[in-house]
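Before any comments, here is the structure.
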Amino acid sequence: MRLAFLISLVQIVGLQIHAQKPVSQNWWKGSEATSFVSLNAGLNANSADFSNRFLSELIFSDQLSQEVLNDELKGLSQTENVMGLDYELALQGGWNIKSGAHTLLFKAADVAHVNASVPKNAARLILTGNKSFAGDTLDFSGLNGLGMRFQQLAVGWQFQPTPSTAFFALICFVNGEQYADAKVDRSWLYTSVLGDTLSTSLKGGLFISDTGNVGFATHNGAGASLDFGFHTEFQGEGSIWQFDFAVNNLGLVQWNKKTIGYNFDTNYTWTGIEIPDITNINEQFADNVLTDSLGGGVNENIRKQTRNEWLPGYVAAELLQRRDAGFETGGGWVLRWNANFDPYVYLKNGYRFNEHIATHLSVGYGGYGTVQVGLSGIFEWSHFMAKAEVRNIEALALPGRFAGGSGIINLSYMF
Amino acid sequence: MKRPILPIYFGIAFFLLFTSCRRDIDLANWDVDALVPVAHGTINFADFAPEENVYGDGESLLHLTAAETLISLGLDTLIGIPDYSIDTGFVVPISINFPPGVPFFYQLEETKFDLKDVELTRALIRESRITIFLENTIDKPVLFEYGIYSATLDGDTFLVQARVEANDTLSRSFTLDGYELDLRGEEGTDFNTIVTFLQAMIHPDETQNHQFTAGDEFNIKNTVKGVVPEFVTGYFGNQSVLFEEDEALDVFAQFPYQSVNITDFDVTLTIDNGIGADLKLNIQELRSENTVTGANAALNHEVINNNQLYPRAINLYDLTDPVKHIQKKLTFSDENSNLDELLELRPDRFLANLDIEVNPLGDISLGNDFAYYGHNISAFMQMDVPLVVSAKGVVLNDTSDFQFIAPQPNNPLDRINYGSLNLILENRYPIDAEIQVYLLDTFNNLLDSLLESPALVLGAEENNLGIVEFAEQSIVEIPIGPALFDQLELTNYLKISAVLNTVGVDSVHLRNNSGIEYKLVADINARTKK
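If you read the sequences in order, they're chains A and B.
Just so we're aligned, residue 1077 is where the first sequence starts under my numbering, counting upward by one.
Just so we're aligned, residue 236 is where the second sequence starts under my numbering, counting upward by one.
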């Protein structure tokens, strides 16, 4: 029953909790190298600029209320409002060879990453329309976003020369399922006072993987990546200090030649359909195909091409005190690339009740947000280990100010 | 024993987690306020008239022009030569032996046309068609010869020879095109008369005499049709003809006004006499009519019901330019006529009753009246109306077909909550307009109006030189929304009604460099999703 409860918990958490910190876990499973199987699941959505109240209404309700919309716009930064989402579901395992120091590792994972940076003016345009900018030029340059979903099959090796030290490395084959990358370097919209003229200027690029080939694990690109790191422990202040270092997803995907690329650098003014002959309006409306030089300019630059894109990987380090029981402390940092992610640092303090159960509270700053608060719990037995971590509690407590929620579940069975 | 089961649970959990994460995100709706240009263009009065009926002068002042031929009387009307037919037969009275090549029948005949008072002495044929039918009832081939002594071409008489086989018939056609006809008869003193001859003989190629039996018969039928003279001369008689002319006029068809005050115009009626005969013209009535409204007005001018004498045209005897026409122009102004009334009612037809008398003084040319093909007695009306107008309370109506395709799912129109179509008008015409647009069903029943109340479009002001320097801007808001779309779906016709008032107290000038620039802008509150 407890196991069934745990499985159900995994499903529920997988659906509803969110994780800020990247999901993948270190491979060290204890003082003795052993065979194991693990399930890691996490979903991460976070933003210091948008709010949970806004996002939950946007996603889960039928109508976005004017009050929420106005509050959201008030809180946005003028130049950059970042949000990020990571999802990972991984089945991992290790096969300890001859009960020695060497363990063969494998991993199968489904990974998704989305990040976007939206200038306030772009959000205002999208959420309120252009009427309030009549007579003005709205600059919304800087809009950009990246979305990527891929699957990984990895094999690797872990060497545990001593009970407290382990090195690991995996090489991953990456199947690129879906990809979108947009960057608007220059964009503005002028709306005349009476609305009879719209002028816009756009410069940027957009890349989308084959839109006709979608679905889980469809093949639109291929790549490779490396995961590597180590675990070590040392004595200090009357307790053991555990240090983990990991580099994940250091690699890239080459999206195949069906990837659609747009590059645009155009100015366009729209004043409506020109009706040269007022006595024959109907036919002229019918004859007017609403194409314009903007569309023409974009179409001229549409091409299909291969495109290489770095995976949104990370490097993370964590130092955590380990006692048999009592208060524990520690901290860590995370750096990411190609993810619109600020450096994230955190402190971790908690209490270990006994050798099996501990809980920690973390307070961090950076990433896609500002201050972030998380709570984690660890349950360890000789053959079974479960870790659950809930982050972005600040967004749950102040849904009108912060957005997000992060969660990681790690279930391991050691043979 | 329980351990091996755990990985299976992991696998199930993995599958459930994976599948449960696939959720399509359906974002909430929110409302946005958008200002979007829809259409733009320029309305110019010149666009409403056929290109040949409107022009701008050196000062860009628009003029409406029209040239209509009210009457055109040619040769065919005054002195047409009728179709005629000559039937001749010969029956051999006794049995007789006759050699070949010796005429056994000869006939010279004068035919006089009935042209009433007209006495023609000479004509040049432009078009004609002659058909000859010959019937031979004897047992030998016969040679027929048919000639028109009156018709000559380069000195040669019109002559036809035809062999008709034994007991056979023959039909042949000819033209007299280009032949000159002397219509003075055999003696040269008559008129309207042609001289023909006919003879028949046993064909000279025959070698034996022929024994005619009493009762042998020969029949000849000669028909002349469609004679169109190039030129005629003689005395055209003293004839009087009453013409009731009805001429359609389309210059105003594109201008949907009901009435306007025209303050300046230049209209001339030119009587052109291309006939070599004196004329007396009496215009009994000249009237314009708008058949749609039923409005009509009759011309008051000194020419009405007053006889006008027109001397004959002069024969120049040059076939490339044979006639010097005699023209007389009648000028109509607002001082000597009420022609402006005829124009202001937006006529689509002119009606004229004309009495024309030829040679009112008799045969003073001593039989030397003449007429050439294409040189007629004509009456042209030439109209030039500078658009210097004054309009107060003039109603302009125009109804056009309309079909509205109702918003469908996924159609952006279906997302409009409310808003308006703003018609922004930059008016450079010195005319105010009070506009309303009505929605009519298929039976022309009024459904609704687009505007809550008639909208006033301000006219621009002219300076002292009658020139508009600055356009006047007006914005007409047309409320739109689902209720209107429902009404538009029932609408089959749009009726635009405008009440026009020229700015100021004087007449204003309509110029081709003026116009009403219009811009249609959608000012809407719309949902982001249905």
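The C-beta atom is built at its ideal place from N, Cα and C for all residues, glycine as well.
Small disclaimer: the values here were computed from a predicted structure and weren't measured.
So residue i and residue j are in contact, right, with Cβ under 8 angstroms, and what is the actual spacing, rounded?
i: Leu1222 (chain A); j: Tyr1163 (chain A); result: About 14 angstroms separates the two Cβ atoms, so there is no contact after all.
i: Tyr1420 (chain A); j: Gly1406 (chain A); result: The pair is not a contact, with the Cβ atoms about 15 angstroms apart (cut-off 8 angstroms).
i: Leu1337 (chain A); j: Arg1379 (chain A); result: According to the sequence displayed, residue 1337 (chain A) carries Gly and not Leu. Going by Cβ atoms, the distance from Gly1337 (chain A) to Arg1379 (chain A) rounds to 5 angstroms, so yes, they are a contact pair.
i: Leu686 (chain B); j: Val672 (chain B); result: 6 angstroms
i: Leu367 (chain B); j: Leu411 (chain B); result: Residue identity differs from the one stated: residue 367 (chain B) is Ile in this sequence, not Leu. So it is not a contact: roughly 12 angstroms between Cβ atoms.
i: Tyr414 (chain B); j: Leu388 (chain B); result: 5 angstroms
i: Asn1157 (chain A); j: Val1194 (chain A); result: 5 angstroms
i: Gly1280 (chain A); j: Asp1257 (chain A); result: Wrong, their Cβ atoms sit about 10 angstroms apart, outside the cutoff.
i: Leu565 (chain B); j: Thr498 (chain B); result: Leu565 (chain B) to Thr498 (chain B), Cβ: 21 angstroms. No contact.
i: Val624 (chain B); j: Phe500 (chain B); result: No, Val624 (chain B) and Phe500 (chain B) are not in contact; Cβ-Cβ is about 10 angstroms, not under 8 angstroms.
Count the other C-beta atoms from every protein chain shown that fall within 10 angstroms of the C-beta of residue i, then say buried if there are 16 or more, exposed otherwise.
i: Leu394 (chain B); result: exposed
i: Pro1388 (chain A); result: buried
i: His1568 (chain A); result: Any property of residue 1568 (chain A) remains undetermined from this structure, which presents chain A solely from 1077 to 1491.
i: Ile1135 (chain A); result: exposed
i: Leu761 (chain B); result: Position check: residue 761 (chain B) holds Ala in this sequence, whereas Leu was assumed. Buried is the call here.
i: Lys1097 (chain A); result: Low per-residue confidence applies at Lys1097 (chain A): pLDDT is 48, beneath 50, and the placement is therefore not dependable, though the value from the model is reported in the following sentence. The residue in question, Lys1097 (chain A), is buried, as its Cβ has 16 or more Cβ neighbours within 10 Å.
i: Phe1478 (chain A); result: buried
i: Ile599 (chain B); result: exposed
i: His1432 (chain A); result: exposed
i: Thr1367 (chain A); result: Since pLDDT at Thr1367 (chain A) reaches only 44, below the 50 mark, its modelled position is unreliable, and the value read off the structure follows with that caveat. Classification for Thr1367 (chain A): exposed.
i: Pro546 (chain B); result: exposed
i: Thr440 (chain B); result: First, the residue type needs correcting, since residue 440 (chain B) is Asp and not Thr in the sequence shown. Asp440 (chain B) should be labelled exposed.
i: Ser1482 (chain A); result: buried
i: Phe453 (chain B); result: buried
i: His1459 (chain A); result: exposed
i: Asp1138 (chain A); result: exposed
Alpha helix (DSSP H) containing residue i: first to last residue?
i: Ala1471 (chain A); result: 1469-1473
i: Ser1301 (chain A); result: Element bounds for Ser1301 (chain A): not the alpha helix (DSSP H) but the beta strand (DSSP E), 1297-1312.
i: Asn1146 (chain A); result: 1142-1151
i: Thr312 (chain B); result: 310-314
Specify, as a first and last residue, the run of the beta strand (DSSP E) that residue i falls within.
i: Gln1318 (chain A); result: 1315-1346
i: Ile335 (chain B); result: Contrary to the premise, residue 335 (chain B) reads as Pro rather than Ile in this sequence. Segment: none, Pro335 (chain B) is in no beta strand (DSSP E) and carries neither H nor E.
i: Ser475 (chain B); result: 475-483
i: Arg1200 (chain A); result: No beta strand (DSSP E) holds Arg1200 (chain A); the alpha helix (DSSP H) holding it covers 1196-1204.
i: Val1260 (chain A); result: 1241-1267
i: Gln671 (chain B); result: 666-675
i: Ser568 (chain B); result: Ser568 (chain B) -> no beta strand (DSSP E), and no H or E assigned at all.
i: Arg1477 (chain A); result: Per DSSP, Arg1477 (chain A) belongs to no beta strand (DSSP E) and is neither H nor E.
i: Leu1167 (chain A); result: 1158-1172
i: Asp268 (chain B); result: 266-278
i: Ala1068 (chain A); result: Nothing can be reported for residue 1068 (chain A): it is not among the residues displayed for chain A, which extend from 1077 to 1491.
i: Val582 (chain B); result: Residue 582 (chain B) is actually Pro in this sequence, not Val. Looking at the DSSP string, Pro582 (chain B) is not in any beta strand (DSSP E), and its letter there is neither H nor E.
i: Ile1135 (chain A); result: Looking at the DSSP string, Ile1135 (chain A) is not in any beta strand (DSSP E); the run it does join, the alpha helix (DSSP H), is 1128-1136.
Let me see if you follow: with CB-CB separation under 8 angstroms, is residue i close to chain D or not?
i: Leu504 (chain B); result: The displayed structure is made up of protein chains A and B, and chain D is not among them.
Assess contact between the region 1336-1348 of chain A and the region 1265-1284 of chain A, defined as three or more Cβ pairs (one per stretch) separated by less than 8 angstroms. Is contact present? Segments in contact, yes.
Is the number of C-beta pairs between the region 466-478 of chain B and the region 311-322 of chain B that are closer than 8 angstroms three or more? Enough Cβ pairs lie closer than 8 angstroms, so yes.
Short of 7 angstroms Cβ to Cβ, which residues in the region 1190-1220 of chain A face chain B? Within the region 1190-1220 of chain A, the residues whose Cβ lies closer than 7 angstroms to some Cβ of chain B are Leu1203, Thr1204, Gly1205, Asn1206, Lys1207, Ser1208, Ala1210, listed in chain order.
The region 1258-1269 of chain A in contact with the region 1238-1248 of chain A per 3-pair CB rule at 8 angstroms: Counting Cβ pairs under 8 angstroms, fewer than three are found: no touch.
Is it the case that the region 1140-1154 of chain A contacts the region 1206-1216 of chain A, given that we only count it when at least three CB pairs across the two stretches are under 8 angstroms? As far as the Cβ criterion goes, the region 1206-1216 of chain A does not touch the region 1140-1154 of chain A, which means the pair count is below three.
Any contact of the region 650-668 of chain B with the region 743-758 of chain B, i.e. 3+ C-beta pairs under 8 angstroms? Yes, they touch.
Pairing CB atoms from the region 574-593 of chain B with CB atoms from the region 527-546 of chain B, are three or more of them under 8 angstroms? With a cut-off of 8 angstroms, the region 527-546 of chain B and the region 574-593 of chain B count as touching, because enough Cβ pairs lie within range.
Going along the region 1135-1162 of chain A in order, which residues come within less than 7 angstroms of chain B, judged by CB to CB distance? Under the 7 angstroms Cβ criterion, the region 1135-1162 of chain A contributes Ile1135, Ser1137, Asp1138, Gln1139, Leu1140, Leu1145.
Chain B contacts made by the region 1385-1413 of chain A, where a contact means CB separation under 8 angstroms: Listed by position, the residues of the region 1385-1413 of chain A near chain B (Cβ gap below 8 angstroms) amount to none.
Taking beta-carbon pairs under 9 angstroms, can you tell me which members of the region 257-278 of chain B lie near chain A? Answer in chain order: Arg257, Arg258, Ile260, Asp261, Leu262, Ala263, Asn264, Trp265, Asp266, Val267, Asp268, Ala269, Leu270, Val271, Pro272, Val273, Ala274, His275, Gly276, Thr277, Ile278.
Does the count of Cβ pairs from the region 1393-1408 of chain A and the region 1423-1432 of chain A closer than 8 angstroms reach three? Yes, they touch.
Kindly confirm or deny that the region 735-754 of chain B and the region 291-302 of chain B touch, where touching means at least three C-beta pairs closer than 8 angstroms. Yes, the region 735-754 of chain B is in contact with the region 291-302 of chain B.
Which residues, in order along the region 1466-1485 of chain A, keep a beta-carbon less than 7 angstroms from a beta-carbon of chain B? Along the region 1466-1485 of chain A, there is no position whose C-beta sits under 7 angstroms from a C-beta of chain B.
According to a CB-to-CB cut-off of less than 7 angstroms, which residues of the region 751-765 of chain B neighbour chain A? So the list reads Lys754, Leu755, Val756, Asp758, given in the order they occur along the chain.
Decide if the region 1447-1464 of chain A is in contact with the region 1168-1186 of chain A; the criterion is three or more beta carbon pairs, one per stretch, under 8 angstroms apart. Too few Cβ pairs lie closer than 8 angstroms, so no.
Pairing CB atoms from the region 347-354 of chain B with CB atoms from the region 372-382 of chain B, are three or more of them under 8 angstroms? Per the Cβ contact rule, the region 347-354 of chain B is not in contact with the region 372-382 of chain B (fewer than 3 Cβ pairs under 8 angstroms).
Interfacial residues, the region 644-675 of chain B to chain A, with Cβ spacing under 8 angstroms: Within the region 644-675 of chain B, the residues whose Cβ lies closer than 8 angstroms to any Cβ of chain A are, in chain order, Asn657, Ile659.
Across the region 597-611 of chain B and the region 546-558 of chain B, are there enough close Cβ pairs to call them in contact, namely three or more that are closer than 8 angstroms? Yes, they touch.
Compile a chain-ordered list of the residues in the region 1247-1273 of chain A whose CB is closer than 9 angstroms to at least one CB of chain B. If the cut-off is 9 angstroms between Cβ atoms, the region 1247-1273 of chain A has Thr1267, Ser1268, Leu1270, Gly1271, Asp1272, Thr1273 near chain B.
Against chain B, which members of the region 1335-1352 of chain A pass a CB distance test of less than 9 angstroms? Correct list: Trp1346, Thr1347, Gly1348, Ile1349, Glu1350, Ile1351, Pro1352.
Three or more C-beta pairs below 8 angstroms linking the region 264-284 of chain B and the region 729-742 of chain B: No: fewer than three Cβ pairs fall under 8 angstroms.
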